[in-house]
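*Asks:*
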């Protein structure tokens, strides 16, 4: 089967008027969710797959974006499409921008109905469970009673876990890639440095920078530079950049001397040019808060015992943000809860970023798993 | 032997009028070095030990500082003193603040003779070899022809290596703790994020913030928060802080929620209150530049073959800033160069910070080694 592109995809917007009570107690009176769909829902409604995005992702999972010029491929276009591991010739695939995002769904840039101005930092902080509730309403809207699979990497994998626990009857398969059952102190520490960089940027203006016609680009840039260090492995950084100098010799100044500096600063500047600082804060907080075992006094197995889905858990050997050990915590809890689980630890030098990259072993594991999902759905 | 305190120690200042040509080509016409000494130089001048400090260290290695109220113990007071592993009853121990520092030696806060104003960011960037040359002149001044040992942890260990290569006849023992033969791309990346935090702080004013009556406290605070993450191990952070909350439940805001956030912010604020931002930049650059093997096309053994010292190399199992593997690179190169080397890999949960902490195995290794150094010196 030859993998093909979905071509140009047009995002859609679903408007919801029913208030959503968030984990924090705050109530969102109404909200929009921007989403894309690929493929066709079958008559039984049994072939729907939800793709959940990670920290900086969005609804544009696959195909070419109609909005951008030049048109950009979706963030998981190597995984989702006709003839690809998540095959849109067989599945009806849904990607959405989560609440609090900055790609069209209701978030800090949206107007706060109480003030008529952008929410800014007044947009309520959300938890993964809030996204899952909002996604469930989108599923209702789309006529999806049960997902054949809920799939995600990193923060997206946490949404897949949460779905399996919160709506056990609505998920037949949960695919959890490069994730963790909760963030460690070190994970939270990195997130807090990133947040402090944004919060203390004088251009942040308490989160109401839109009104000032500026963005906290310095803070966002630092946050992204730091993020990139944790997405890559030490080894792949050494291989790609090592101690390679930009010039012939040391310059004894603060401009770029080593190639790794050039790479990080470029990534930081690019990100600061398009991503919303308040959304970055919201996403990192959702990561920090995720800890479903807390509902059972820390017993992850007890919480996962509520699930009825089959699980596929995948980790990458060089991922030190969410190491294989963190995935094995999930697998061990599933086994203790007597839940069906397949686990693949992919040998990869690409660190946390590996979940987005094309790797034959990884893609073969996904393809084989989704063959079975398709057979169940048929 | 009971370990005792040195009591109050008064620092001294050595003034040098002979110009020092730095690795960058810049020339420092004159400079001061602030130093402390403990113990007495013997008649043969054979019992002198130089202690080299790391990124944020200084001359106050041991004893109680006369300047501070309340008096503070030196940064290596658990290692250096009467009856301690580096025994000041037997050795004449010297600690100094390196050039570019912010504790009294000539650095960015000193007056630039050409302008009559503080150097600020115009203070030339220094390399480890520059410090070693300056330290050699201090040794001359103190009547020390040959060091019984040059000792340091982290960036201090790099100075000990550099001494053994640059002044082989003046070092009988080089003690290299928690160091590396060069920084990896990941190490440089962390340093560059810290530097960018400082350089882009609006209060940095291109390094001339002294004139503006401000300090780039935001940037320095972020740099230190990030530094602390890399000094601690994932495990010790998990053990000390884990996911412990400051309050009873999540607060859904940006004030401290998790104890780890409180710890890091406190450490960052404290550091920003006393450390100089320009010195921080200088120290991280010296780390990035260190790579003695570069002089021999990357062949570390060829460079270390110039040394005549005996080596003691020590690493700590949970140190991920300079992991045991990085110390083994040094050991392997020394073995290839047929240099005498003892190596100890200390089992410790305390990450990079372990080199400053009291650990029985670590201190016993040091004590035993310095017993032999003392015997040689007698």
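Chains as they are written, first to last, in this note's numbering: chain A, 461 to 838; chain B, 461 to 838. Beta carbons are placed, not taken as given, at the ideal position from N, Cα and C, and that holds for glycine. Predicted model only: the values in this text are computed from it and were never measured.
For residue 704 of chain B, is the classification buried or exposed, using 16 other Cβ atoms within 10 angstroms of its Cβ as the cut-off for buried?
*Replies:* Exposed: under 16 other Cβ atoms inside 10 Å.
*Asks:* Under 8 Å, Cβ to Cβ, is there at least one residue of chain A near residue 642 of chain B?
*Replies:* yes
*Asks:* Hey, does residue 648 of chain B have any beta-carbon neighbour from chain A nearer than 8 Å?
*Replies:* By this cut-off, residue 648 of chain B is an interface position.
*Asks:* Starting from residue 770 of chain A, follow its DSSP beta bridges and name the residues at the other end.
*Replies:* A/633
*Asks:* For a minimum of 3 consecutive residues, which ranges assigned as the beta strand (DSSP E) are wholly contained in the region 750-821 of chain B?
*Replies:* 770-776, 801-806
*Asks:* Find out if the Cβ-Cβ distance for the pair residue 654 of chain A, residue 687 of chain A is shorter than 8 Å.
*Replies:* yes
*Asks:* Would a C-beta distance cut-off of 8 Å place residue 608 of chain B and residue 551 of chain B closer than the cut-off?
*Replies:* yes
*Asks:* Identify the contact partners of residue 678 of chain B in chain A, using a Cβ-Cβ distance below 7 Å as the criterion.
*Replies:* 660
*Asks:* Look at residue 541 of chain A and residue 466 of chain A and say whether their C-beta atoms are less than 8 Å apart.
*Replies:* yes
*Asks:* From the DSSP output, which residues share a beta bridge with residue 533 of chain A?
*Replies:* A/524
*Asks:* Sort out for me which residues DSSP pairs residue 475 of chain A with in a bridge.
*Replies:* A/492
*Asks:* Nearest to residue 560 of chain B by CA position, among B/824, B/830, B/745, B/757, is which residue?
*Replies:* B/745
*Asks:* Could you tell me which residues DSSP puts in a beta bridge with residue 508 of chain A?
*Replies:* A/552
*Asks:* Distance cutoff 8 Å, beta carbons only. Does residue 682 of chain A sit that close to anything in chain B?
*Replies:* yes
*Asks:* Taking residue 469 of chain A as the reference, give the member of A/660, A/634, A/488, A/521 with the closest Cα.
*Replies:* A/521
*Asks:* Looking at residue 586 of chain A and residue 742 of chain A, is the spacing between their C-beta atoms short of 8 Å?
*Replies:* yes
*Asks:* Any idea what DSSP makes of residue 585 of chain A, helix, strand or coil?
*Replies:* When secondary structure is reduced to three states using DSSP, residue 585 of chain A falls in the coil class, being assigned neither helix nor strand.
*Asks:* Report, in whole angstroms, the separation of the C-beta atoms of residue 620 of chain B and residue 611 of chain B, which I expect to be a contact under 8 Å.
*Replies:* 6 Å
*Asks:* Below 8 Å, how does it come out for the region 613-631 of chain A and the region 527-534 of chain A: are there three or more Cβ pairs, yes or no?
*Replies:* no
*Asks:* Give a yes or no on whether the C-beta atoms belonging to residue 797 of chain A and residue 829 of chain A are separated by under 8 Å.
*Replies:* no
*Asks:* Classify residue 626 of chain A as helix, strand or coil using the three-state DSSP reduction.
*Replies:* helix
*Asks:* For residue 698 of chain B, decide whether its Cβ has a neighbour in chain A, counting only Cβ atoms nearer than 8 Å.
*Replies:* yes
*Asks:* If you measure from the beta carbon of residue 742 of chain A to each beta carbon in chain B, is any gap under 8 Å?
*Replies:* No - not a single Cβ of chain B is within 8 Å of the one on residue 742 of chain A.
*Asks:* Tell me the residue span of the alpha helix (DSSP H) that contains residue 728 of chain A.
*Replies:* 719-732
*Asks:* Where does residue 469 of chain B fall in DSSP's three states?
*Replies:* strand
*Asks:* Can you give me the Cβ contacts of residue 727 of chain B inside the same chain, cut-off strictly under 8 Å, excluding the 5 residues immediately before and after it?
*Replies:* 684, 685, 688.
*Asks:* Could you pull out every residue in the same chain whose Cβ sits closer than 6 Å to the Cβ of residue 800 of chain B, ignoring the five residues on either side in sequence?
*Replies:* 770
*Asks:* Determine the closest residue to residue 636 of chain B out of B/630, B/648, B/616, with distance taken between C-alpha atoms.
*Replies:* Minimum Cα-Cα distance from residue 636 of chain B among the listed residues B/630, B/648, B/616 corresponds to B/616.
*Asks:* Within the region 569-621 of chain B, note down every full beta strand (DSSP E) run reaching 3 residues or more, in order along the chain.
*Replies:* Those beta strand (DSSP E) runs which fall completely within the region 569-621 of chain B and span 3+ residues are 609-613.
*Asks:* Whether or not the region 635-651 of chain B and the region 662-673 of chain B are in contact is what I'm after, with contact meaning three or more pairs of Cβ atoms, one per stretch, closer than 8 Å; do they touch?
*Replies:* no
*Asks:* Going straight from the alpha carbon of residue 720 of chain B to that of residue 757 of chain B, what length do you get?
*Replies:* If I take the Cα positions, the gap works out to 43 Å.
*Asks:* The alpha helix (DSSP H) that contains residue 650 of chain B, what's its start and end?
*Replies:* 645-659
*Asks:* Which bits of chain B does residue 778 of chain A rub up against, with CB to CB less than 7 Å?
*Replies:* Under the 7 Å cutoff, chain B gives no residues; its nearest Cβ is about 12 Å from residue 778 of chain A.
*Asks:* Find the residues of chain A that neighbour residue 550 of chain B, judging by a C-beta separation of less than 7 Å, and give them in chain order.
*Replies:* None at all; the shortest Cβ gap to chain A is about 40 Å.
*Asks:* Measure from the C-beta of residue 674 of chain B to each C-beta in chain A and report whether the shortest distance is under 8 Å.
*Replies:* Judged by the 8 Å Cβ criterion, residue 674 of chain B is not in contact with chain A.
*Asks:* Can you tell me whether residue 566 of chain A is helix, strand or coil according to DSSP?
*Replies:* coil
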